[in-house]
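Going down the list, the protein sequences come from chains A and B.
Numbering-wise, my numbering puts 107 at position 106 of the first sequence, and it's gapless, one number per residue.
Numbering-wise, my numbering puts 197 at position 168 of the second sequence, and it's gapless, one number per residue.
C-beta: ideal position from N, C-alpha, C; glycine also.
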Amino acid sequence: MLNEKKGISRGAIITLMIVLVVCILTIVLENTINPNSLLFTVIRKAAVYSLVAVTMNLLNGFTGLFSLGQAGFMLLGAYTYAILTIPTDVRDSIYYLFGGAGFHFSTVSFFEGIIGDSGVAGFISMILGVLIAMLVGGIVAAIVAYLIGLPVLRLKSDYLAIATLGFAEILRAIFQWDKLGKVTNGANALRGYPTFADFNIKNAQGITVLRLSSFIPILFAGICILIIILLINSSYGRAFKAIRDDEVAAEAMGINLAKHKMMSFIISSFFAGVGGALFAMFASTVQAKTFTSAMTYEIFLIVVIGGIGSISGSCIASFLYIACSEWWLRFLDNTQYINGNQLPLFKNGFRMVVFSVVIMIIVLFFRTGMMGDKELSDLFNKKRRKKVKADE
Amino acid sequence: MSNNVLHLENVTMQFGGVVAVDNFSMDINEGEIVSLIGPNGAGKTTAFNCVTGVYEPTNGLVEFYGKPIVRNHPQGKMKKGYLGQNGDMYLGEVISQTPDEITKLGIARTFQNIRLWKSMTVFENVLLAKHMNAKQNVFSATFRTNKKEEERMRRETLELLKQQGLDKYKDELATSLPYGLQRRLEIARALAAEPKLLLLDEPAAGMNPQETEELTAFIRQIRDDYNITIFLIEHHMNLVMDISDRIYVIEFGKEIAHGLPKEIQKNPKVIDAYLGG
Ligand SMILES: Nc1ncnc2c1ncn2[C@@H]1O[C@H](COP(=O)(O)OP(=O)(O)OP(=O)(O)O)[C@@H](O)[C@H]1O
Ligand SMILES: [Mg+2]
């Protein structure tokens with residue numbers, strides 16, 4: 002009751018503060034401890050995965066549409082981003098196998114031409130080029146989503162999963178096709194475009210004075226997630242939830258199912274495209290073979306572990322999942338000795354076994370995931386409500 | 030007849046070999062409360078579904094305020110397998126609309142088995158009924174530039190909840206309410222869509238006699254307060270006889286009688302089929 006008048010609840014403020022602390026901590030740590038620590042790889046990748054998991058949750062968790070196309074939309078975003086931002090002067094060397102690039106426009110070079118290519122001007126040109134390419138990456142994914150959605154969203158929702166999964170696989174093949182090599186570089190990697198490391202601030206001598214390469218992914222993903230949260234809490238978000246809860250009732254109350262499903266699908270795919278662009282920046286190379294259905298399953302697992310229908314769950318799960326897979330369980334892959342005796346099982350691949358078992362346990366016994374459909378802010382709000390009751 | 034609200038003409042709904050609604054015609058005039066009764070499986074809910082766009086009737090015509098909103102004739106497989114009558118009366122233009130389009134025309138409904146949105150609060154359930162008529166778009170709603178409209182929708186929702194005596198539950202989950210209140214909430218949600226015609230499918234189902242009595246007064250009240258017309262399916266005979274201006278009775282999809290409550294009560298066919306002695 003109290004909260005409603007203020008507009009922003011106490012829980013939301015606490016959540017925002019936690020995010021802020023994470024941001025500050027990231028910046029401080031990156032500028033004090035070894036910047037090559039695995040911790041920062043985890044932060045960057047988890048930030049990107051958080052966004053993609055949230056886009057999947059928007060569809061699967063909030064609209065009740067089961068889609069498995071996330072890797073495909075990421076691929077579109079990643080390729081669009083890379084193709085648009087590779088500076089003009091290095092293009093031909095990257096596409097050398099195909100006798101040079103077929104497409105010479107670069108957003109970064111374009112802004113460098115207008116603003117300047119050195120010092121602060123160069124930095125601003127890079128940022129503008131990156132932002133526009135990310136946006137276009139999202140738009141390309143959104144347009145493709147529209148084209149897929151047109152026939153498929155009218156069918157029963159199981160078909161959407163099959164169609165999106167198939168689409169992602171086909172897309173991966175198309176992007177590796179030699180005939181498109183002048184644009185996609187075939188099966189070879191695209192590189193040379195701005196990555197998160199390019200956001201580190203350097204002084205005139207070229208020495209890094211402030212590292213931001215782990216903060217930037219949090220910032221970009223955070224802004225996108227914030228927009229999705231605003232959407233979910235708007236009238237349209239409520240309409241999505243109504244469709245998920247009871248489609249028949251939603252339609253009877255005047256909600257156009259086709260339109261709202263399409264809207265959710267397009268918005269989800271747009272941000273998955275942006276997530277793909279961020280993934281390209283994280284990985285510093287783009288190659289179609291990375292965007293497999295295994296990637297989609299990974300993201301789906303994160304959504305399930307975090308809780309279907311919980312944005313904060315997806316974010317927290319993404320950090321835990323990536324930390325486990327990239328860092329904490331790494332030791333399982335290395336040969337281990339106790340008192341000079343080599344332990345059995347500890348060899349390459351064991352990590353994935355343990356990991357799979359852990360996930361199976363979670364899926365079997367904690368089906369609602371860590372957060373269920375609650376948000377972090379709800380938890381804080383609830384605590385307060387209990388306190389208020391105790392006071393009375 | 031200028032104040033005719035709903036007009037059904039030879040409406041037939043056939044599922045495979047089952048004719049659930051058989052050549053059914055009826056009229057409802059402005060401000061009336063008209064009931065549709067009949068034994069279980071008689072085709073009452075199916076008739077509702079033909080009006081609200083959930084089903085596309087196999088044959089027949091539905092008009093709302095004199096405008097055709099549904100019109101169909103046997104097509105495809107039904108061309109040969111059609112078991113109903115008047116199969117050649119409505120050849121030509123087919124009119125078919127989705128439920129949301131029909132709701133936007135001013136027909137709202139409740140469901141026999143309550144269909145509230147279970148993850149949403151009482152307030153949100155009613156608020157969302159305002160969504161369809163809002164001018165906002167997805168950008169203005171996301172970036173909160175529709176503040177005025179959102180506030181208006183919230184104000185109207187709160188007002189409606191107060192009128193219906195549901196405001197003290199507004200932050201509860203809709204499905205956590207007792208059964209009788211869930212029924213009320215479903216009616217409130219339908220009213221929030223600002224309909225001209227309200228379709229109620231067994232609103233008293235599962236209610237005790239006292240609740241049913243309250244509901245009777247409540248339905249009459251909303252007809253007067255909101256100036257709407259009400260089309261009602263109900264099994265509770267006390268309620269039906271008490272409240273209805275006119276009654277239609279169907280059995281196996283066919284009309285067996287219609288008229289004033291006191292006529293229906295005396296009709297031997299109805300007593301035979303339904304009131305069952
Ligand atoms: N989608 C459908 N497919 C096939 N048959 C159906 C369908 N919907 C209804 N029927 C059949 O149509 C007949 C009428 O059902 P309906 O639900 O309209 O009855 P009702 O009069 O509302 O009964 P009740 O009082 O039990 O609610 C039943 O025999 C039912 O089995
Ligand atoms: Mg029924």
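- Within chain A, the residues whose beta carbon sits less than 9 Å from that of B/E179 are S235, S236, listed in sequence order.
- If you look at A/D118, you'll find it isn't in any alpha helix (DSSP H); DSSP assigns it neither H nor E.
- Of all alpha-carbon atoms in B/T132, B/R144, B/T87, B/T241, the one lying nearest the alpha-carbon of B/Y119 is that of B/T87.
- Looking at A/N204, A/V275, A/I208, the one whose alpha-carbon comes closest to that of A/I229 is A/V275.
- Residue burial annotation: B/F140 is buried, with at least 16 other C-beta atoms found within 10 angstroms of its C-beta.
- Burial state of B/F168 is exposed, judged by a 10 Å Cβ sphere holding fewer than 16 other Cβ atoms.
- Between A/M18 and A/A273, the C-beta gap is not smaller than 8 Å, which leaves the two residues out of contact.
- When the beta-carbon positions are compared, B/L244 and B/A234 stay at least 8 Å from each other.
- Residues of the segment 59-71 of chain B with a C-beta less than 8 Å from any C-beta of chain A: none at all.
- Pairing A/I115 with A/A83, the inter-Cα distance amounts to about 21 Å.
- Within the chosen limit of 7 Å, ligand 1 reaches the beta carbon of B/V47 through at least one heavy atom.
- Residues L344 of the same chain have their beta carbon placed closer than 8 Å to that of A/Y338, with the five preceding and five following residues left out of the count.
- Rounded to the nearest whole angstrom, the CA to CA distance from A/I34 to A/R212 is 11 Å.
- Straight-line spacing of the CA atoms in B/V278 and B/V34 works out to 19 Å.
- Among the residues of chain B, those whose CB is under 7 Å from the CB of A/E252 are T127, P128, D129, following chain order.
- With 16 or more neighbouring CB atoms inside 10 Å of its own CB, B/P128 falls in the buried class.
- If you ignore the 5 residues before and after B/T75, its C-beta comes within less than 8 Å of the C-beta of M42, A49, V50, Y84, G282, all in its own chain and listed in chain order.
- Assigned with DSSP and collapsed to three states, B/Q294 falls in helix.
- Cβ contact annotation for A/L39 (same chain, cutoff 7 Å, sequence separation greater than five): E327, W328, in chain order.
- Checking the 7 Å criterion, the Cβ of B/Q141 is within range of a heavy atom belonging to ligand 1.
- If you check the C-beta of B/G95 against ligand 1, you find no heavy atom less than 7 Å away.
- Our two residues, A/S235 and B/A170, have alpha carbons roughly 6 Å apart in a direct line.
- Scanning its chain for C-beta atoms nearer than 8 Å, with the 5 sequence neighbours on each side dropped, one finds around A/L330 the residues R352, V355, F356, in chain order.
- Identification of chain B residues near A/D93 by a Cβ-Cβ cut-off of 9 Å yields none; the smallest Cβ-Cβ distance measures about 40 Å.
- Not a single CB atom of chain A sits nearer than 8 Å to the CB of B/E188.
- Residue range 47-58 is occupied by the beta strand (DSSP E) that includes B/M55, with no alpha helix (DSSP H) assigned at that position.
- DSSP places B/M118 in no beta strand (DSSP E); its state is neither H nor E.
- Checking the 7 Å criterion, the Cβ of B/A71 is within range of a heavy atom belonging to ligand 1.
- Taking 8 Å as the cut-off, the Cβ atoms of A/V131 and A/T86 count as close.
- Taking 8 Å as the threshold, the shortest C-beta distance from A/I171 to chain B does not fall below it.
- Residue nearest to A/E248 within the set A/I233, A/E299, A/F63 is A/F63 (criterion: CA-CA distance).
- Following the DSSP letters along the chain, one finds B/V80 inside the alpha helix (DSSP H) bounded by residues 73-81.
- Counting only unbroken stretches of 4 or more residues, the alpha helix (DSSP H) elements lying wholly within the segment 125-192 of chain B are 128-134, 151-156, 167-171, 176-192, in sequence order.
- Closer than 8 Å to the CB of A/M372 there is not a single CB belonging to chain B.
- Taking the beta carbon of B/T74 as reference, no residue of chain A falls within 9 Å; the closest one sits roughly 12 Å away.
- In the structure shown, A/H261 adopts helical secondary structure according to DSSP, grouped into three states.
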